[in-house]
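Protein chains in written order, with the numbering used here: chain Z, 33 to 141; chain B, 541 to 656.
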């Protein structure tokens, strides 16, 4: 079974709303988890490293105020896309260890 | 130079043939190497990991690692149409044995098409 659980799998929202995506490590305690973004037919782009109990480390060009990451426990990291706009529509994927969640497809209308 | 390089393809092979996917990396300190398969619209799925020079076989898959040449490859024997996907190579400095490998650096992926 899946060792990384990600929810929801799909979100459709109106422009201006915020969307929260959860990522859970099911079989080990993950001090770090990772968030990626992927556009159609493009490669994975690392957005940030989620660090348990401390601030996330964002990759260059990723707006930390736009993509809020919280890693309050060793098994849960959340990514909140704040004030989402159509250009934020993408496939968001989390990982813990070497395993990926199933991904969340975000569509902003 | 990209940190992890793969030929983007597409690589097209007939059903039953051997598909050979290649990857080079620039960080000489890399210790752990992974191959992922990603179907269209899905997240990556780990199919092979390799940590030591040489070959590692798992079913129809064989991973090959040459740290001196900074080269890792994946062979798929008896290719099936269901193997058609994008294959991602990933490397990290972390060694084997733990659950946390730190940040993985990915190649851009090779698209494989297996035609009947």
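By construction, the Cβ of each residue, glycine as well, lies at the ideal position given by its N, Cα and C atoms.
Query, Result
"Residue 83 of chain Z bridges to which residues according to DSSP?", "Z:64"
"Using only alpha-carbon positions, find the residue among B:615, B:618, B:592 and B:629 that is nearest to residue 635 of chain B.", "B:592"
"Which residues of chain Z have a Cβ atom closer than 7 Å to the Cβ of residue 574 of chain B, listed in chain order?", "130"
"Residues in its own chain within less than 8 Å of residue 117 of chain Z by CB, not counting five upstream and five downstream?", "47, 48 and 140"
"With H, G and I counted as helix, E and B as strand and the rest as coil, what does DSSP make of residue 119 of chain Z?", "helix"
"Output, in chain order, the set of chain D residues within a Cβ distance shorter than 8 Å of residue 125 of chain Z.", "In the structure shown, chain D cannot be found, because the protein chains are Z and B."
"Between residue 596 of chain B and chain Z, is there a C-beta pair that is closer than 8 Å?", "no"
"Anything in chain B within Cβ reach of residue 75 of chain Z, meaning under 7 Å, just list it in chain order.", "646, 648 and 649"
"Cβ closer than 8 Å: which chain B residues qualify as neighbours of residue 88 of chain Z?", "Correct list: empty, because the minimum Cβ distance to chain B is about 13 Å."
"Is residue 39 of chain Z buried or exposed, if buried means 16 or more other CB atoms sit within 10 Å of its CB?", "exposed"
"For the beta strand (DSSP E) containing residue 597 of chain B, name the first residue and the last one.", "594 to 598"
"According to the Cβ coordinates, are residue 553 of chain B and residue 619 of chain B closer than 8 Å?", "yes"
"Grouping DSSP H, G and I as helix and E and B as strand, with all else coil, what is residue 41 of chain Z?", "coil"
"From the beta carbon of residue 643 of chain B, is the nearest beta carbon of chain Z less than 8 Å away?", "yes"
"By Cβ distance, which residues of its chain are closer than 7 Å to residue 122 of chain Z, with the 5 residues on each side in sequence left out?", "69, 70, 71 and 138"
"Considering Cα atoms alone, identify which of B:550, B:559 and B:570 is closest to residue 544 of chain B.", "B:570"
"Output the distance between the C-alpha atoms of residue 576 of chain B and residue 629 of chain B, rounded to the nearest integer angstrom.", "6 Å"
"Enumerate in chain order the residues of its own chain whose CB-to-CB distance from residue 550 of chain B is below 6 Å, with the five nearest sequence positions on each side excluded.", "651 and 653"
"From this set, B:548, B:561, B:608 and B:617, which residue's C-alpha is nearest residue 601 of chain B's C-alpha?", "B:617"
"Does residue 589 of chain B come within less than 8 Å of chain Z when only Cβ atoms are used?", "yes"
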